[in-house]
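Asks:
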Amino acid sequence: MTVSERALNPLSSMTWRRPQIVFTLLTGLTLIMMVLNVGIGSIPFSPLEIWQVLVRPEDNSTISSIIWNLRIPRAIAAVFGGAYLAAAGLLLQIYFRNPIVGPYILGISSGATLMVSFVMLTTLTVGWSLFTPFISTLAAFAGAYGVMLIVLAIASRVKGGVTLLIVGLMMGYLCGAVTAILTALAEKEKIKGFVLWQLGSFSGFKWNEIGILLVFGGGILVLLYLQSKPLNAFLLGEEYAASMGVNIRRFRLMILLCACALAGMITSMAGPVAFIGMAVPHMARLSFGTSDNRILIPGACLMGALVASICDLIARTVLSPVELPLSAMTAFFGAPIVITLLLKQRVKL
Amino acid sequence: MSTSAINPVISARRLTVGYKPKPVLKGLDFDFEAGHFISLLGPNGAGKTTLLRTLSRHLSPLAGEIRVQGKPLASLRAIDLARIMAVVLTDKIAPPLFTVFEFVAIGRYPHTDYLGRLGEVDRNAVISSLAAVHAVDLAHRPFADLSDGERQKVLVARALAQEPQILLLDEPTIHLDLKHRVEVMAILRDLCRSKGITVVASLHDVDVAAKVSDRVALIKDGGLLDWGPPETVLTPEAVAGLYDFDKAEFNRHLGGIELRGDGDQGRAFVVAGMGSGALVYRMLAKKGFAIATGVVHTNDLDWYVAQSLGADCTSVPPMAKVNGSAMVRAAGQMAECDFVIDCGFTVGPVNQANMKLLQSALTQGKTVFSLREGGLPSLTKSDHNRSIRCDDAMQLLDALDRFSARNELHPKALEA
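Order-wise, the sequence lines are chains H and S.
Residue numbering for the first sequence is 246 to 594, as defined by this note's numbering.
Residue numbering for the second sequence is 429 to 844, as defined by this note's numbering.
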């Protein structure tokens with residue numbers, strides 16, 4: 246065996262075995278969680294009942310209606326929401342070369358919240374008919390990109406991860422302040438809906454919203470996967486990436502557009518959801534044992550889908566019939582993980 | 429300051445580099461010849477890194493033009509430039525969860541498909557890049573666990589995986605221990621010699637640069653002070669000017685930097701020759717003694733070291749017999765000294781007079797420290813007390829310390 250063979254063989258077998266196992270596990274668990282999410286609730290359904298409803302969609306029974314119009318959209322929304330937030334977090338962590346950033350931390354979610362609050366709390370002046378997922382999605386995008394632009398402008402002047410975090414937190418506070426003022430000025434019946442939305446929830450998703458998520462989000466994910474090579478190069482920093490042939494300006498723009506689109510889309514529909522974008526990429530990195538984005542992009546999406554499904558299930562079942570806020574669940578789940586990672590020095594600020 | 433090369437791989441004309449709006453280096457004209465090892469020397473902050481960053485297109489030139497292989501640098505596509513030029517930067521990068529193999533494989537970027545999948549050619553290129561830096565055995569180690577020296581070698585391997593014709597390195601040996609410093613420089617020299625890669629490196633060790641470079645560029649005060657082969661460019665004066673040396677001198681013949689002492693601890697006369705004095709001079713300079721020495725030949729190692737240390741050196745031409753006038757001068761120097769050191773030089777037909785010098789030191793009542801095996805032959809009994817035999821440098825040091833303490837050889841301290 247020559248030197249090069251010795252060096253190559255264990256590697257080719259090692260790198261491809263672990264991701265495949267983890268992918269299979271994650272996919273299986275996510276599917277199980279989806280079935281549980283459809284089955285568990287105030288009216289529980291057995292997998293058999295679910296199957297019967299699934300194969301006979303034209304049935305107009307109450308069971309069919311609950312499963313088709315409430316449970317399944319919600320289960321799918323949790324999967325998409327978790328996946329897209331995780332992908333957005335992964336992108337931002339690579340972009341800022343900072344392991345502790347995520348859409349929520351950087352204020353992207355707060356910006357989206359602010360703009361959505363304009364739409365939701367001031368719609369009386371415009372009329373109910375305008376309150377469609379479409380307009381609040383656009384508003385969320387505008388808010389996400391707006392905050393991102395401000396954070397970027399400041400980040401280009403100051404170096405250092407901690408500064409970036411503080412800038413993000415401050416943006417969050419500012420957006421929160423404006424949102425609070427709008428809430429104070431808004432009419433009472435608007436506030437309840439907005440406050441519920443603000444707590445974050447995958448409930449109430451319509452099929453057309455699922456369609457938007459699938460088409461746009463799916464398109465962005467495919468685009469991202471095709472960018473995993475420059476994303477890998479970018480792990481070495483901008484200068485190395487440029488020296489290897491990455492068109493930095495175009496690449497940077499694309500990554501930010503994608504990250505904000507994914508995070509903005511979910512925030513507009515499910516409300517601001519904390520920690521998934523920050524914690525899940527780390528969980529994916531550690532469980533797949535790699536930083537290779539060809540594995541991590543689908544890997545983080547699957548992991549995010551699983552985590553969001555679990556959090557949503559807990560949120561709506563633990564104190565049923567009261568539904569707990571989703572962001573509370575993800576925070577219970579994500580904050581200890583981030584602290585553990587920091588203490589174990591798996592990630593550095 | 430321009431040297432036209434037959435086959436310039438990088439050429440600059442009226443180049444001004446810097447960060448807008450402030451230029452760091454102005455009016456640079458140079459041609460880097462293919463396969464040369466080019467060192468950029470200069471004090472910290474002189475602009476070496478700025479120049480490298482401009483050559484690698486991380487910074488745009490403020491004025492002037494750079495051509496790479498005859499084509500304007502600005503017009504090259506990023507991917508085409510990446511196949512010609514690779515860089516090793518000083519940034520501390522620690523991407524998590526990468527094995528060394530995977531890390532080096534990222535360097536295949538300009539050669540792999542749209543997903544960056546490695547083919548057989550790519551794998552072999554990664555292994556041969558690792559082999560070129562003697563790091564094949566590191567292939568499966570996590571990149572984050574490497575020592576500074578290992579990491580630097582792997583960074584060079586990553587650059588080599590691009591299969592570049594030009595390699596730009598910013599301070600490639602900074603923060604490295606001696607073993608890795610020597611190893612990395614040897615690797616870079618081999619890349620240059622055997623693979624014909626043009627290596628452009630900013631270095632802080634002028635002595636190392638002198639030994640490996642085909643061309644050196646001295647960078648200071650906003651421009652190129654001098655540019656050419658180190659053998660002609662690196663004069664003691666040029667190096668002293670470049671780094672603002674005061675108490676040090678670069679010696680081309682010795683290939684190193686000699687550090688002068690303050691010379692305020694008393695004055696020593698060293699009788700040396702045949703290379704016996706070099707270490708003694710350095711030790712005395714380190715201890716702060718002023719040095720006078722003689723009589724040595726001007727082709728003697730001792731002469732070069734004494735010159736660089738600023739000693740009062742009485743010398744005779746090569747092969748010449750130590751004669752009367754040199755003896756008179758040396759004796760005069762010796763009379764003004766506080767003590768005398770006999771370095772234990774081999775006595776031959778041309779330097780017998782130096783033994784006479786030592787004897788006369790004893791007769792004049794000077795204390796003589798002798799490193800000579802068996803000690804200095806003494807003429808009278810009283811001589812014996814003043815001739816102190818030292819078997820090695822350690823004993824000489826101890827004897828000198830005792831002597832200094834007893835005789836209070838601190839003229840400056842006394843005056844104050």
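Note that beta-carbon positions come from the ideal geometry of N, C-alpha and C, so glycine has one too.
Computed from a predicted structure; not experimentally measured.
Using the rule of at least 16 other Cβ atoms within 10 Å of the residue's Cβ for burial, across every protein chain shown, is D730(S) buried or exposed?
Replies: Buried, because 16 or more other Cβ atoms sit within 10 Å of the Cβ of D730(S).
Asks: How is F529(S) classed by DSSP in three states: helix, strand or coil?
Replies: In the structure shown, F529(S) sits in a helix (DSSP, three-state: H, G or I).
Asks: Is the shortest distance between the beta-carbon of L351(H) and the beta-carbons of chain S less than 7 Å?
Replies: No, its Cβ sits nowhere closer than 7 Å to a Cβ of chain S.
Asks: Evaluate the contact criterion for the region 657-671 of chain S versus the region 482-493 of chain S: three or more CB pairs, one atom per stretch, below 8 Å.
Replies: As far as the Cβ criterion goes, the region 657-671 of chain S does not touch the region 482-493 of chain S, which means the pair count is below three.
Asks: Beta-carbon of A545(H) versus every beta-carbon of chain A: anything under 7 Å?
Replies: Among the protein chains in the structure shown, which are H and S, there is no chain A.
Asks: Quick check on T721(S): does DSSP put it in helix, strand or coil?
Replies: Here T721(S) sits in strand by DSSP.
Asks: Tell me the DSSP secondary structure of T626(S) in three-state form.
Replies: Three-state DSSP puts T626(S) in a strand.
Asks: What residues in the region 466-489 of chain H bring their beta carbon closer than 9 Å to a beta carbon of chain S?
Replies: Residues passing the 9 Å Cβ filter: Y470, L471, S473, K474, P475, N477, A478, L480, L481, G482, E483, E484, Y485, A486, A487, S488, M489.
Asks: By DSSP, does R757(S) sit in helix, in strand, or in coil?
Replies: Of the three classes helix, strand and coil, the one that applies to R757(S) here is helix, per DSSP.
Asks: Output, in chain order, the set of chain H residues within a Cβ distance shorter than 9 Å of Q580(S).
Replies: Result: empty, since nearest Cβ-Cβ is about 14 Å, beyond 9 Å.
Asks: Using 8 Å as the cut-off, can you tell me whether the region 281-293 of chain H makes contact with the region 308-320 of chain H, which would need three or more C-beta pairs spanning the two stretches below that distance?
Replies: Output reads yes: the region 308-320 of chain H touches the region 281-293 of chain H.
Asks: For the beta strand (DSSP E) containing A645(S), name the first residue and the last one.
Replies: Element bounds for A645(S): 643-648.
Asks: Would you call the region 530-548 of chain H and the region 262-274 of chain H touching, i.e. three or more CB-CB distances under 8 Å?
Replies: With a cut-off of 8 Å, the region 262-274 of chain H and the region 530-548 of chain H count as touching, because enough Cβ pairs lie within range.
Asks: Whose C-beta lies closer than 8 Å to the C-beta of G896(S) among residues of the same chain, with five residues either side of it excluded?
Replies: The structure shown does not extend to residue 896(S), since chain S is modelled only from 429 through 844, so no value can be given for it.
Asks: At a cut of 8 Å, does the region 487-503 of chain H reach the region 291-301 of chain H through at least three beta carbon pairs?
Replies: With a cut-off of 8 Å, the region 291-301 of chain H and the region 487-503 of chain H do not count as touching, because too few Cβ pairs lie within range.
Asks: Since I816(S) sits in a beta bridge, which residues does DSSP pair it with?
Replies: According to DSSP, which records beta bridges pairwise, I816(S) is partnered with F797(S).
Asks: Find the nearest neighbour of L583(S) within the set F797(S), A563(S), R442(S), judged by alpha-carbon distance.
Replies: It is A563(S) whose Cα lies nearest to the Cα of L583(S).
Asks: Starting from F465(S) and walking both ways along the beta strand (DSSP E), at which residues does that stretch end?
Replies: Its beta strand (DSSP E) spans residues 465-469.
Asks: In chain order, which continuous runs of the beta strand (DSSP E) of length 3 or greater are located wholly inside the region 484-535 of chain S?
Replies: Fully enclosed beta strand (DSSP E) runs of 3 or longer: 491-496, 513-516.
Asks: Kindly identify the DSSP beta-bridge partner or partners of D770(S).
Replies: Paired residues: V699(S), S798(S).
Asks: With DSSP run on the structure shown, which of helix, strand or coil describes R441(S)?
Replies: Here R441(S) sits in strand by DSSP.
Asks: Taking only the alpha-carbon atoms, compute the straight-line gap between P839(S) and F697(S) and give it to the nearest angstrom.
Replies: Note that P839(S) has pLDDT 49, beneath the 50 cutoff, so the model's placement of it is unreliable and no number is given.
Asks: Would you say N492(H) faces chain S, with C-beta separation under 7 Å as the test?
Replies: Interface residue, yes.
Asks: Could you list which residues in chain S have their beta carbon closer than 9 Å to that of R539(H), in chain order?
Replies: Those within 9 Å of R539(H) in chain S are L543, G544, R545.
Asks: Quick check on the DSSP output: the beta strand (DSSP E) that includes W655(S) runs from which residue to which?
Replies: Run containing W655(S): 651-656, per the beta strand (DSSP E) assignment.
Asks: In this structure, does DSSP put L456(S) in helix, strand or coil?
Replies: Three-state result, L456(S): strand.
Asks: What is the residue span of the alpha helix (DSSP H) that F577(H) lies within?
Replies: It spans 571-588 - the alpha helix (DSSP H) in which F577(H) sits, taken as one unbroken run.
Asks: With DSSP as the reference, label R262(H) as helix, strand or coil.
Replies: Note: R262(H) maps to helix in three-state DSSP.
Asks: Could you please give the first and the last residue of the uninterrupted beta strand (DSSP E) stretch that includes L596(S)?
Replies: Per DSSP, L596(S) belongs to the beta strand (DSSP E) from 594-598.
Asks: Going by DSSP, name the residue or residues bridged to P746(S).
Replies: Beta-bridge pairing links P746(S) to no other residue.
Asks: Whole angstroms are fine: how far does the CA of I594(S) sit from the CA of L707(S)?
Replies: Each residue's Cα considered, the two are about 41 Å apart.
Asks: Quick check on DSSP: helix, strand or coil for I555(S)?
Replies: Here I555(S) sits in helix by DSSP.
Asks: At a cut-off of 6 Å, is L790(S) close to the ligand ATP when judged by its beta-carbon and the heavy atoms of the ligand?
Replies: Inclusion of the ligand ATP in the displayed structure is not the case, the ligand content being empty and no account of it being possible.
Asks: Taking Cβ positions, are V518(H) and G449(H) nearer each other than 7 Å?
Replies: No, the Cβ-Cβ distance between V518(H) and G449(H) is not below 7 Å.
Asks: How about Y447(S): is its C-beta nearer than 7 Å to some C-beta of chain H?
Replies: No, because no Cβ of chain H sits closer than 7 Å to the Cβ of Y447(S).
Asks: If you measure beta-carbon to beta-carbon, which residues of the region 386-411 of chain H are closer than 8 Å to chain S?
Replies: Within the region 386-411 of chain H, no residue qualifies.
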